[in-house]
Amino acid sequence: MSSSLNSTLGVLEIGILISGVLFGVVTTQVYVYHKNFPKDSLWLQLGLVDGMWLIELGHTMCIFHAIYFYTVANYGDPKALLVAPVTLGIAVVLHGITTILVQAYFTYRIFRFSKKPYLIPIFSTFLMFAQLLAVTTLSAEAIKVAQISLGLYLEKWEWLLLTTLWLRVAADLTISSSLVFFLYRQRDNAYKSTVLVVDRLIRWTIETGVVTSMLGIILVISYLTAKENFAWLALFMVLPKVFSNTLLANMNSRASLRTMQTSVEVSGNSGPVSNRSRTLATGMAVSVHTEMDTFDISRGGNWTIDSTPDKKYESV
Numbered sequence: 001m002s003s004s005l006n007s008t009l010g011v012l013e014i015g016i017l018i019s020g021v022l023f024g025v026v027t028t029q030v031y032v033y034h035k036n037f038p039k040d041s042l043w044l045q046l047g048l049v050d051g052m053w054l055i056e057l058g059h060t061m062c063i064f065h066a067i068y069f070y071t072v073a074n075y076g077d078p079k080a081l082l083v084a085p086v087t088l089g090i091a092v093v094l095h096g097i098t099t100i101l102v103q104a105y106f107t108y109r110i111f112r113f114s115k116k117p118y119l120i121p122i123f124s125t126f127l128m129f130a131q132l133l134a135v136t137t138l139s140a141e142a143i144k145v146a147q148i149s150l151g152l153y154l155e156k157w158e159w160l161l162l163t164t165l166w167l168r169v170a171a172d173l174t175i176s177s178s179l180v181f182f183l184y185r186q187r188d189n190a191y192k193s194t195v196l197v198v199d200r201l202i203r204w205t206i207e208t209g210v211v212t213s214m215l216g217i218i219l220v221i222s223y224l225t226a227k228e229n230f231a232w233l234a235l236f237m238v239l240p241k242v243f244s245n246t247l248l249a250n251m252n253s254r255a256s257l258r259t260m261q262t263s264v265e266v267s268g269n270s271g272p273v274s275n276r277s278r279t280l281a282t283g284m285a286v287s288v289h290t291e292m293d294t295f296d297i298s299r300g301g302n303w304t305i306d307s308t309p310d311k312k313y314e315s316v
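Residue numbers (full-length UniProt numbering): 1 to 316.
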């Protein structure tokens, strides 16, 4: 009995506690974002950043209620492990919204890089809509069926759960590889001072893409090899916090990029070639790391950046 609880409730509790810690990191990153970028557009601040924080808050409350259901409300009742509280079903849909929201943000960046017929953004959007449909079905059925029998739910909808997880991995790999491709293509035409900025962007893109993709793959493997315990469910609780932290870290990294760009400006005042390099570096960074409603240098805009933290990026 003790061994069974270790591989079920014990693992699930660890996953939920880690998720709670990561929610604290999300909250800190939201604070840092508002402090450093108060002049970003309202839809970016309220719609994306604050909206995602509220979704994560709801997800955290749901999964903590779930662990309360198992460890307090039904303490000592092993039969409780055979069902799932309604809050787990709600957590599933909030989980899906978070991951799709993050993927949509990065897909928009790919759209800004791409040219017609926009095949990669269209493919990524298709993967996201497929995920949304699958997650909606899974959560609705979880609320109805899982309260009666978690085993019956998994037996009936295992194929859709695995499909959703693989769709997520495919979307992550598509988005990260596409961003790296477009950045690397601009790197080939960049000046030496610009290459430093682009290299950092490529490294960040690879790191964040690898983290989310590998976690998704590990989740699938855990489910296929040990579905009788809750290790896969613990990973499932952690994954949305990883996605939201990835997005916020990416947005907050603009501050360090601005520092790099400022150093390029200081070293680039000696001649017209250096000035041109500075402008190109700024434009490429803006197209990847600033507000999404700005222009891209590849679409005909030149850019200047002031070194003050709350200065908006302006087209000249």
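All C-beta atoms in this analysis are idealised placements derived from N, C-alpha and C, irrespective of residue type, glycine included.
Buried versus exposed, by CB contacts within 10 Å (16 or more), residue i
i: G96; result: buried
i: D40; result: buried
i: M251; result: buried
i: E155; result: exposed
i: K115; result: exposed
i: I148; result: exposed
i: I100; result: buried
i: L235; result: buried
i: S256; result: exposed
i: residue 319; result: Residue 319 lies beyond the residue range present for the chain, which begins at 1 and ends at 316; the question has no answer from this structure.
i: V210; result: exposed
i: W204; result: buried
i: R185; result: exposed
i: Y31; result: exposed
i: P272; result: Unreliable positioning characterises P272 in this predicted model, as indicated by a pLDDT of 39, which lies under 50. The coordinate reading is nonetheless provided below. Its Cβ having fewer than 16 others within 10 Å, P272 is exposed.
i: A146; result: buried
i: Y223; result: buried
i: L48; result: buried
i: D172; result: buried
i: L138; result: buried
i: F113; result: buried
i: A226; result: exposed
CB of residue i within 8 angstroms of CB of residue j, strictly
i: I120; j: T208; result: no
i: A66; j: L127; result: no
i: A84; j: C62; result: no
i: V102; j: S213; result: no
i: G89; j: L165; result: no
i: T98; j: H34; result: no
i: Q29; j: L239; result: no
i: residue 317; j: L183; result: Residue 317 is absent from the model: the chain starts at 1 and stops at 316.
i: A206; j: S176; result: A small fix is needed here, since residue 206 is Ile in this sequence, not Ala. Yes, the pair counts as a contact, with Cβ atoms nearer than the cut-off.
i: G151; j: L82; result: yes
i: T136; j: T125; result: no
Whole-Å CB distance - residue i paired with residue j, under 8 angstroms assumed
i: V26; j: W53; result: 6 angstroms
i: I16; j: F69; result: Between F69 and I16 the Cβ distance is about 11 angstroms, and since that is not below 8 angstroms, they are no contact.
i: K241; j: L57; result: At roughly 11 angstroms, the Cβ-Cβ gap does not stay under 8 angstroms, so K241 and L57 are not in contact.
i: L162; j: R109; result: About 28 angstroms separates the two Cβ atoms, so there is no contact after all.
i: Y153; j: A140; result: Actually they are not in contact, since the Cβ atoms of Y153 and A140 sit about 11 angstroms apart, beyond 8 angstroms.
i: Q131; j: L167; result: 5 angstroms
i: Y105; j: F111; result: Not quite, the Cβ-Cβ distance comes to about 11 angstroms (not below 8 angstroms), so this is no contact.
i: L12; j: F230; result: 4 angstroms
Closer than 8 angstroms to chain C by CB, residue i
i: W166; result: This model lacks chain C altogether, as it is built from one protein chain only.
query = Counting only runs that start and end within the segment 6-89, where is the alpha helix (DSSP H) found for 4 or more residues in a row?
reply = If we require 4 residues or more, the alpha helix (DSSP H) runs fully inside the segment 6-89 come out as 11-36 and 51-68.
request  = Kindly provide the ranges of any alpha helix (DSSP H) runs that are 4 or more residues long and lie completely inside the segment 86-168, ordered along the chain.
outcome  = 86-113 and 119-141
query = Which full runs of the alpha helix (DSSP H) of 4+ residues lie inside the UniProt domain "DUF6534" (169-256), going along the chain?
reply = 192-225 and 231-252
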